[in-house]
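Count along the sequence shown from 1, then add 6; that gives the number in the numbering used here. All residues carry an ideal CB built from backbone N, CA and C; glycine is no exception. This report refers to the structure that appears directly beneath it.
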Amino acid sequence: EILDLVIDTEEALQPDAVKIRPGGNLSPDAKGKHEPEVYSRGDIEKGFSASDHVFEDAYVSKHQSNAQMEPRTAVAQWEGDKLTVWTGTQGISNCQRDLCRDLDLPREKVRVVCQYMGGGFGNKNQCQDSDLMAAILAKQADRPVKLEFTRKGDFLGVHGRWPTNQYYKIGVDKDGLLQAIQVRNYSGMGPYRKGTGSLVGTELYRCPHVRREIYPVYTNMTVAANFRAPAYPQGVYGIGSMMDHIAHELNIDPVEFHLKNSTRQYLDKIPYTSYGLADCIRQGADIFEWEKRWHQAGSGVGPKVRGSGMAIGLFGARLGRSSAVLRLDSEGTLWVHVGVTDVGTGAKTTMAMIAAEAMEMNLSEVEVVWGDTDRCPYSVGESGSRTTGFTGYAILEAAKQLKQKLEKQGLPKGDDMLIAQVTTEPKLEGVARYGFAAHFVEVEVDIELGGVKVLKYVAMQDSGRIVNPLTATSQVRGGIIMGIGMALHEELLYDQRTGVPVNPGYYGARVMTHLDAPEIEVHFIETEDAYGPYGIKSAGETPIVPSVAAVANAIFNATGHRMKELPISRDKILGAVS
Numbered sequence: 007e008i009l010d011l012v013i014d015t016e017e018a019l020q021p022d023a024v025k026i027r028p029g030g031n032l033s034p035d036a037k038g039k040h041e042p043e044v045y046s047r048g049d050i051e052k053g054f055s056a057s058d059h060v061f062e063d064a065y066v067s068k069h070q071s072n073a074q075m076e077p078r079t080a081v082a083q084w085e086g087d088k089l090t091v092w093t094g095t096q097g098i099s100n101c102q103r104d105l106c107r108d109l110d111l112p113r114e115k116v117r118v119v120c121q122y123m124g125g126g127f128g129n130k131n132q133c134q135d136s137d138l139m140a141a142i143l144a145k146q147a148d149r150p151v152k153l154e155f156t157r158k159g160d161f162l163g164v165h166g167r168w169p170t171n172q173y174y175k176i177g178v179d180k181d182g183l184l185q186a187i188q189v190r191n192y193s194g195m196g197p198y199r200k201g202t203g204s205l206v207g208t209e210l211y212r213c214p215h216v217r218r219e220i221y222p223v224y225t226n227m228t229v230a231a232n233f234r235a236p237a238y239p240q241g242v243y244g245i246g247s248m249m250d251h252i253a254h255e256l257n258i259d260p261v262e263f264h265l266k267n268s269t270r271q272y273l274d275k276i277p278y279t280s281y282g283l284a285d286c287i288r289q290g291a292d293i294f295e296w297e298k299r300w301h302q303a304g305s306g307v308g309p310k311v312r313g314s315g316m317a318i319g320l321f322g323a324r325l326g327r328s329s330a331v332l333r334l335d336s337e338g339t340l341w342v343h344v345g346v347t348d349v350g351t352g353a354k355t356t357m358a359m360i361a362a363e364a365m366e367m368n369l370s371e372v373e374v375v376w377g378d379t380d381r382c383p384y385s386v387g388e389s390g391s392r393t394t395g396f397t398g399y400a401i402l403e404a405a406k407q408l409k410q411k412l413e414k415q416g417l418p419k420g421d422d423m424l425i426a427q428v429t430t431e432p433k434l435e436g437v438a439r440y441g442f443a444a445h446f447v448e449v450e451v452d453i454e455l456g457g458v459k460v461l462k463y464v465a466m467q468d469s470g471r472i473v474n475p476l477t478a479t480s481q482v483r484g485g486i487i488m489g490i491g492m493a494l495h496e497e498l499l500y501d502q503r504t505g506v507p508v509n510p511g512y513y514g515a516r517v518m519t520h521l522d523a524p525e526i527e528v529h530f531i532e533t534e535d536a537y538g539p540y541g542i543k544s545a546g547e548t549p550i551v552p553s554v555a556a557v558a559n560a561i562f563n564a565t566g567h568r569m570k571e572l573p574i575s576r577d578k579i580l581g582a583v584s
């Protein structure tokens with residue numbers, strides 16, 4: 007039976023659109039109401055009345071797949087009524103919780119093992135359907151079962167970044183100071199709700215009057231949910247392009263404009279625990295040689311033109327519940343039990359470094375036990391840039407306890423061990439904790455063929471104290487490469503008549519490769535932060551936040567044409583410059 011379908015988010019809200027779920031295609035909020043999610047402060051109409059200039063425009067982002075190289079694969083085995091699942095998960099504790107819920111089993115009857123994982127980027131911090139399928143099949147077969155998705159099935163079945171239709175109205179005074187920001191956004195969530203569908207961007211700017219409306223919409227596309235800074239890069243692309251446009255129209259240098267208008271307090275009222283954004287902007291502009299490279303938009307000549315752009319970003323550096331167990335044996339080895347998985351970020355190494363620092367020991371004296379729910383306590387999972395802040399803090403508190411025992415009892419002897427076990431849940435009250443970024447990029451645009459080449463990229467990051475510079479730098483570069491791919495290439499395309507995806511896969515969706523990746527210069531502003539383990543803040547997700555907008559603004563500076571729909575592919579560039 008051929009059913010009607012709807013792909014476009016705004017068409018899905020029309021009265022005659024096919025109803026994907028009862029109650030209509032506007033996904034209900036937490037109270038079950040089919041209404042947009044609204045944030046506001048001040049009086050938006052008063053803000054526009056106080057503005058000397060008002061700018062309106064619209065921006066579109068597309069569905070981008072997480073595109074992790076490791077497909078979803080699981081091995082499940084039952085020994086009596088005890089289930090063990092080996093799987094690629096970003097969160098062994100969360101995967102265990104979900105399996106217990108779905109199979110109605112107590113926690114001690116489910117073991118999840120994952121020490122190393124080949125990529126997830128936010129889409130695997132829970133039980134995957136492959137895990138549950140393997141567990142049920144193994145029960146029915148009474149023998150171990152391995153289940154692996156095909157590349158195509160994995161590409162379509164794992165959620166990606168939600169597409170957006172963004173509408174802006176922004177007012178500024180004669181000096182370029184923001185007076186009012188109004189945003190209306192439609193997010194495509196797929197046929198069921200798995201993510202927030204939110205849009206971040208207004209938080210980056212000081213403004214007395216703000217109104218944001220979010221419409222999370224059901225469509226017949228692949229479901230959308232968490233993907234590295236889920237609501238951020240598409241939102242910052244839209245509002246970052248708007249701010250660059252306003253600066254251009256008012257003949258203000260974008261660096262100066264951002265220094266005037268960038269956030270000083272979260273939502274203009276909550277103090278930050280530490281703040282390095284202004285330093286990121288100033289020092290980044292100097293390192294990039296902004297004054298030398300930036301020029302009036304579209305002033306270049308020739309078949310290949312160069313342009314420079316910049317954008318800013320932020321991402322939460324939250325604190326929350328986690329656990330750690332430290333064991334010190336008689337030979338002086340410290341065993342650190344933490345429920346982390348190494349997903350390429352070096353989490354287990356960072357945990358060892360924090361433990362060694364806290365216990366005043368050499369790193370060679372520390373052994374980490376990780377990735378196994380039978381041997382490790384709870385950890386939040388490797389998503390949301392939370393592992394170091396959450397589990398690292400638990401290690402610090404356990405180290406304090408262990409040192410107290412050492413002072414009272416001395417070193418253990420023989421087979422004895424000194425053990426410290428803690429569960430912590432620190433809270434932030436009256437303050438906001440964020441990492442910040444300012445990125446600067448120079449591109450070369452071939453106006454005859456439509457190609458874009460990134461020539462220079464400088465990333466300034468405020469991630470608090472940097473524990474492991476090598477992995478932190480790699481995280482920043484990885485996030486930026488993803489952002490460049492989102493800006494220039496990546497889109498899951500659908501046949502509008504049939505609703506069938508036409509390019510599911512790494513080649514078809516044009517995911518970035520090593521050949522596409524430019525040289526990226528990374529610098530850290532190490533602010534002093536009184537919270538978290540040693541003042542460490544988020545690092546993994548912040549770098550993708552400003553990267554899409556920075557590239558888009560550089561293309562505008564090169565060509566004089568504002569690109570309002572992602573990805574900024576060859577056909578769009580050629581259409582604009584022709």
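Separation of VAL460 and GLY315 (C-alpha to C-alpha, rounded to the nearest whole angstrom) is 11 Å. If you check the CB distance, HIS301 and PHE61 do not come in under 9 Å. Secondary structure remark: continuous alpha helix (DSSP H) runs of at least 4 residues inside the segment 323-401, in chain order: 353-365.
By alpha-carbon distance to ALA404, the top candidate from LEU332, LYS419 and LYS200 is LEU332.
When rounded, the separation of the alpha-carbon atoms in PRO507 and LYS578 is 21 Å. Counting of Cβ neighbours within 10 angstroms places LEU369 among the exposed residues, the total staying below 16. ARG190 has its alpha-carbon roughly 15 Å from the corresponding atom of ARG47. When the five nearest sequence neighbours on each side are left out, the beta carbons in the same chain lying within less than 6 Å of the beta carbon of ILE276 are those of ALA438, in order along the chain.
Rounded to the nearest angstrom, the gap between the Cα atoms of ALA493 and ILE526 is 16 Å.
Secondary structure at TRP92: strand, using DSSP grouped into helix, strand and coil. Here LEU9 is exposed. Its C-beta has fewer than 16 other C-beta atoms within 10 Å. Under the DSSP assignment, GLY290 falls in the alpha helix (DSSP H) whose first and last residues are 283-294. By the Cβ neighbour-count rule, PRO552 is buried, with 16 or more other Cβ atoms within 10 Å of its own. For GLN240 and HIS165, the gap between their C-alpha atoms comes out near 16 Å. Around ARG217, the same chain offers SER46, ILE50 and GLN188 as residues with beta carbons nearer than 6 Å, after the five sequence neighbours per side are excluded. GLU435 is bridged by DSSP to nothing; it lacks a bridge partner.
ILE453 has its alpha-carbon roughly 60 Å from the corresponding atom of LYS145.
Sorting LEU499, ILE401 and THR95 by C-alpha distance to the C-alpha of ALA426 places ILE401 at the top. Within the segment 39-84, the runs of beta strand (DSSP E) that reach at least 3 residues and sit entirely inside it are, in chain order, 43-47 and 59-67. Per DSSP, the beta bridge partners of GLN467 are ALA443 and PHE530. In this structure, the straight-line span from the alpha carbon of GLY350 to that of LYS543 is close to 18 Å. Taking 4 residues as the shortest admissible run, the segment 520-574 contains the following complete alpha helix (DSSP H) segments, listed from N- to C-terminal end: 553-565. Just measuring C-alpha positions, the residue of TYR211, ARG78, LEU32 and VAL91 sitting nearest ASP380 is VAL91.
LYS266 is positioned such that its CB atom lies no closer than 9 Å to that of VAL229. Under the three-state reduction of DSSP, MET248 is assigned to helix. In terms of Cβ geometry, PRO549 and VAL449 do not form a close pair [threshold 9 Å]. In the DSSP assignment, ALA235 falls outside any alpha helix (DSSP H) and carries neither an H nor an E. Counting of Cβ neighbours within 10 angstroms places ARG157 among the exposed residues, the total staying below 16. Apart from the 5 residues on each side of it in sequence, ALA82 sits with its Cβ closer than 6 Å to the Cβ of VAL91, ALA140, ALA141, ALA144 and VAL151 in its chain, given in chain order. Counting C-beta pairs closer than 8 Å gives fewer than three between the segment 243-258 and the segment 68-85, which falls short of the contact rule. DSSP places GLN102 inside the alpha helix (DSSP H), whose first and last residues are 98-109. In the structure shown, LEU32 falls within a strand segment according to DSSP collapsed to helix, strand and coil. Comparing C-alpha distances from VAL372 to each of TYR221, ASP137, HIS343 and GLY441 shows the shortest one belongs to HIS343.
Annotation: the continuous beta strand (DSSP E) that includes GLU219 extends over 215-224. Contact annotation, GLY94 with GLY124: C-beta distance approximately 6 Å; criterion of less than 8 Å satisfied. For GLY244, same chain residues with a beta-carbon under 6 Å away, outside a window of 5 residues either side, are TYR65 and GLN172 in chain order.
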